[in-house]
Amino acid sequence: MQVQGRIAQSSEGTFEGWDLTQEIPELDVYDVRYSRGFLRAPFDAWFGDVRADWQPLAERLGIELENFSLRRGFVFPENVGRVVPVEFGGEIGVIGLEDASANALLRVFGSGVDESAEDLLLEYLERRLLSTLSAVWRSDTQFTTSYLAPDEVESVEIVGVLTVHCTFGGNPLSVHFGLGPRMLEFFDLRHRREFVASQLLDSDALDSETVELSVELVELNVEPAMLVDYMRSGTAISLDLPRSH
Numbered sequence: 262m263q264v265q266g267r268i269a270q271s272s273e274g275t276f277e278g279w280d281l282t283q284e285i286p287e288l289d290v291y292d293v294r295y296s297r298g299f300l301r302a303p304f305d306a307w308f309g310d311v312r313a314d315w316q317p318l319a320e321r322l323g324i325e326l327e328n329f330s331l332r333r334g335f336v337f338p339e340n341v342g343r344v345v346p347v348e349f350g351g352e353i354g355v356i357g358l359e360d361a362s363a364n365a366l367l368r369v370f371g372s373g374v375d376e377s378a379e380d381l382l383l384e385y386l387e388r389r390l391l392s393t394l395s396a397v398w399r400s401d402t403q404f405t406t407s408y409l410a411p412d413e414v415e416s417v418e419i420v421g422v423l424t425v426h427c428t429f430g431g432n433p434l435s436v437h438f439g440l441g442p443r444m445l446e447f448f449d450l451r452h453r454r455e456f457v458a459s460q461l462l463d464s465d466a467l468d469s470e471t472v473e474l475s476v477e478l479v480e481l482n483v484e485p486a487m488l489v490d491y492m493r494s495g496t497a498i499s500l501d502l503p504r505s506h
């Protein structure tokens, strides 16, 4: 750097100290524990080709189904107006819809439907979504889902959350999937194995290639009488480079 304490070639800009404790958020133990599995897996690893399963229905309604994204976490949001119990792989979990998302679905699918039938319509869509998850599941092991009546469940322990965001007919839509402890570990282990396998494949690809690397640190003038010493293994050679303080 040419000008210490100021931005090079600038008389006005200055450097400000970087406080790591403020700029970098502190990681929770869960963020570290599940960083290579549950938190790393992309959308398609979770939901496969879920768009293809719903696209025919969207086309019949003349609407667009797009802008899919996925958020992973460990705390189920509090502003979810509709929460229903379901089973993921034999363990009780939940599906949650915020009021805005539920109203968006009713506008798209339930135009003209009586209020008494709105709950039934939302239940149908939730059941159809569960069926989609089972249909697009990509693994050697079977993944089952089922819909539960609210009075069948007294309590649910939620430790993992997947939130799918998309736009349905121009309406923003968010669906929250709450997972229990066993499903969180199951998904984390599955995606962790896939991550490790992908790293091994990348490593094999690199091992099969010959890579030539040449690094030049400095040019030195060496007296002919010292060449033998310079070529001897273990000899300390001064590079005549200034130290950086």
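Numbering (this note's numbering), first residue to last: 262 to 506. The beta-carbon is built from N, C-alpha and C at its ideal position, and this holds for glycine as well.
Next on the checklist: Could you compute how far the alpha carbon of GLY298 sits from the alpha carbon of VAL457?
Outcome noted: 9 Å
Next on the checklist: Looking at the strands, I want to know which residues DSSP matches up with THR428.
Outcome noted: GLU327, PRO433
Item to check | Endpoints, alpha helix (DSSP H) assigned at PRO485 | outcome: Premise fails: PRO485 is in no alpha helix (DSSP H) and is neither H nor E.
Next on the checklist: Can you look up THR393 in the DSSP assignment and give me helix, strand or coil?
Outcome noted: helix
Checklist entry - Are the stretch 375 to 382 and the stretch 441 to 457 touching, with three or more C-beta to C-beta distances below 8 Å? => result no
Item to check | Per-residue burial, ILE419 [other beta carbons within 10 Å of its own, 16 or more giving buried] | outcome: buried
Checklist entry - Would the beta-carbon of VAL479 fall within 8 Å of that of LEU500? => result yes
Next on the checklist: Using C-beta distances below 7 Å, list every residue in its chain close to GLU359, excluding the 5 sequence neighbours before and after it, in chain order.
Outcome noted: ASN340, VAL341, GLY342, SER435
Next on the checklist: Please report the straight-line C-alpha distance between ASN432 and TRP315, rounded to a whole angstrom.
Outcome noted: 15 Å
Next on the checklist: For MET444, count the other beta carbons within 10 Å of its own beta carbon; 16 or more makes it buried, fewer makes it exposed. Which is it?
Outcome noted: buried
Next on the checklist: Need the endpoints of the beta strand (DSSP E) that VAL290 sits in, please.
Outcome noted: That residue, VAL290, is in no beta strand (DSSP E); its alpha helix (DSSP H) goes 290 to 294.
Item to check | Pick from GLU348, PRO411, SER459 that is closest to SER392, judged by C-alpha positions | outcome: GLU348
Item to check | Terminal residues of the beta strand (DSSP E) in which LEU358 lies | outcome: 352 to 358
Checklist entry - Taking Cβ positions, are VAL355 and PRO411 nearer each other than 8 Å? => result no
Item to check | Given GLU352 as reference, the closest of GLY439, TYR385, ARG333 once Cα atoms are compared | outcome: GLY439
Item to check | SER237 versus HIS437, ASN482, THR405, residue with shortest Cα-Cα distance | outcome: Outside the displayed range of the chain (262 to 506) lies residue 237, so it cannot be described from this structure.
Checklist entry - For VAL422, is the classification buried or exposed, using 16 other Cβ atoms within 10 angstroms of its Cβ as the cut-off for buried? => result buried
Checklist entry - Roughly how many angstroms separate the alpha carbons of VAL489 and VAL483, rounded to a whole number? => result 10 Å
Checklist entry - PHE329 to VAL425, Cα distance in whole Å? => result 7 Å
Next on the checklist: I need the straight-line Cα distance from ASP310 to SER416, nearest angstrom please.
Outcome noted: 32 Å
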